[in-house]
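First comes the structure, then the notes that go with it.
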Amino acid sequence: MSDLMGIAWLFILLAINAFFVAGEFAVMSARRSQIEPLADEGNKRAKVALFAMEHVSIMLAVCQLGITVCSLLILNISEPALHHLLGVPMMALGMPVEVADTAAFLIALVLVTFLHVTFGEMVPKNISVSVADKAVMLLAMPLVGVSKVLKPIISMLNGAANMFLKLFGVEPQDEVTSSYTAAEVRSIIDTSSQEGTLENKHALRLTKALEFSTVSAASCMVKVDKLFTLEWGQTTAREFEKKVGKTGYSRMLITREDVPVGYWHVKDVMLIDDAHSTAPLRDLPLHPLGVVKQDTEIEEALESMRQEGNHLSAVVNEAGATIGVLFLEDIIEVLVGEISDSTQKRHAPPSSQQGN
1 MSDLMGIAWL FILLAINAFF VAGEFAVMSA RRSQIEPLAD EGNKRAKVAL FAMEHVSIML
61 AVCQLGITVC SLLILNISEP ALHHLLGVPM MALGMPVEVA DTAAFLIALV LVTFLHVTFG
121 EMVPKNISVS VADKAVMLLA MPLVGVSKVL KPIISMLNGA ANMFLKLFGV EPQDEVTSSY
181 TAAEVRSIID TSSQEGTLEN KHALRLTKAL EFSTVSAASC MVKVDKLFTL EWGQTTAREF
241 EKKVGKTGYS RMLITREDVP VGYWHVKDVM LIDDAHSTAP LRDLPLHPLG VVKQDTEIEE
301 ALESMRQEGN HLSAVVNEAG ATIGVLFLED IIEVLVGEIS DSTQKRHAPP SSQQGN
């Protein structure tokens, strides 16, 4: 092979090496959440990209094999050709053969190393990481094609690597992990808010959503001594209406010996005619309260209330005693902030949101 062909192969091998490097980082860096919607729409490239991301172990084996082969060929074909091209003119200028040969070797080694690291490794890596989603859409199809052609070799190499991993107690992964931790998402929100790409009100809601699961039922309940209540067996429809008119709340807790046992909604009492408005409401069915423990995460409490269809739940301590009531509205306010209601009286305690 002539020296000029060796130089030509240098650029060809650098391009192939760059392809495998870019493919490796694209498969590792791409976000599944960005590719799946395109695949669902029928995009063929997106479907192949998902396949590559779901078989990351195979794809990495293909890339590593390609990078290794390209590096060895550059070392054995292109570097000697460049070495010879530089050595001949040096000797023609009168340099001793040993000096010219050593100088040509060092120059060829530095030049090939620079080209290989810069254009064969760093440039494609940085491009691929910067636009990972686009890169995987572009590179996944030829990468998967190469993996099918080299399947016997790749399967052998991948199997050997997995065997050694298991010897060290490491479980091989076939699918890339592209999720973010809560801390990473919080950092993204803070950065986006500071840069002005995310409005403060939206940033606040997202931050509250991240903190949602860390809030307990006890931290956002209304304590028993701050509740607006009516006593079972003693309350009339007229008294109920007065209490509703005074507080502005549409649901009123009913207690027995100061313990909440259920509630009535204003719509329940509206059905009672005037002739019975002064009689105790002993026959009016109570809406039951759900029950949650004080250390229950608010997310679990919300799911429990949703399944049971409750708007209110009693919060109990370790001994089973009711220490407060959790209102659906208060849970929502953990997420979205204070909810204003024109029916709520201004003088009502802000901590007692009794389900307007």
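Each residue of the sequence shown is one higher than the one before, starting from 1 at the first, in full-length UniProt numbering. Just so it is clear, CB atoms sit at the ideal spot from N, CA and C, and this is done for glycine as well.
Below 9 angstroms between beta carbons: does that hold for M28 and V69? Here M28 is not near V69, since their CB atoms are 9 angstroms or more apart.
What's the call for P350, buried or exposed, on a 16-neighbour Cβ count within 10 Å? With a pLDDT of 39 at P350, under the threshold of 50, the predicted position of this residue should be treated as unreliable, though the coordinate-derived value follows. Burial call: exposed.
Looking at G23 and P142, is the spacing between their C-beta atoms short of 9 angstroms? Contact: yes.
Identify whether L230 lies in helix, strand or coil by the three-state DSSP scheme. DSSP, read as helix, strand or coil, puts L230 in strand.
Is I7 helix, strand or coil when you go by DSSP? If DSSP states are grouped into helix, strand and coil, I7 belongs with the helices.
What is the C-beta distance between F228 and K242, in whole angstroms, given that I count them as a contact (C-beta under 8 angstroms)? In this structure F228 is not in contact with K242, their Cβ atoms being roughly 12 angstroms apart against a cut-off of 8 angstroms.
Apart from the five residues on each side of it in sequence, which residues of its chain come closer than 6 angstroms, Cβ to Cβ, to residue 365? This structure does not reach residue 365, given that the chain is present from 1 up to 356, and the question cannot be answered.
Can you give me the C-alpha to C-alpha distance between I272 and G245, rounded to a whole angstrom? Between I272 and G245, the C-alpha separation is close to 17 angstroms.
Going by beta-carbon coordinates alone, are G290 and M270 separated by less than 9 angstroms? Between G290 and M270, the C-beta gap is not smaller than 9 angstroms, which leaves the two residues out of contact.
What number of angstroms, rounded off, separates the C-alpha of L111 from the C-alpha of N43? Taking the straight line joining both Cα atoms gives about 42 angstroms.
Roughly how many angstroms separate the alpha carbons of P260 and W232, rounded to a whole number? Rounded to whole angstroms, P260 to W232 spans 10 angstroms at the Cα level.
Between which two residues does the beta strand (DSSP E) holding A30 run? No beta strand (DSSP E) contains A30, which DSSP labels as neither H nor E.
Rounded straight-line distance, which links the Cα of E79 to that of I58: Approximately 30 angstroms, taken between the alpha carbons.
Rounded to whole angstroms, how far is the Cβ of N158 from the Cβ of A26, which I believe are closer than 8 angstroms? Actually they do not touch by this definition, with Cβ atoms about 19 angstroms apart.
Measure the C-alpha to C-alpha separation of F19 and E297 and round it to an integer number of angstroms. When rounded, the distance between both Cα atoms is 49 angstroms.
Which two residues bound the contiguous alpha helix (DSSP H) that contains P89? Counting along the chain, the alpha helix (DSSP H) containing P89 begins and ends at E79 to A92.
Any idea what DSSP makes of S155, helix, strand or coil? Of the three classes helix, strand and coil, the one that applies to S155 here is helix, per DSSP.
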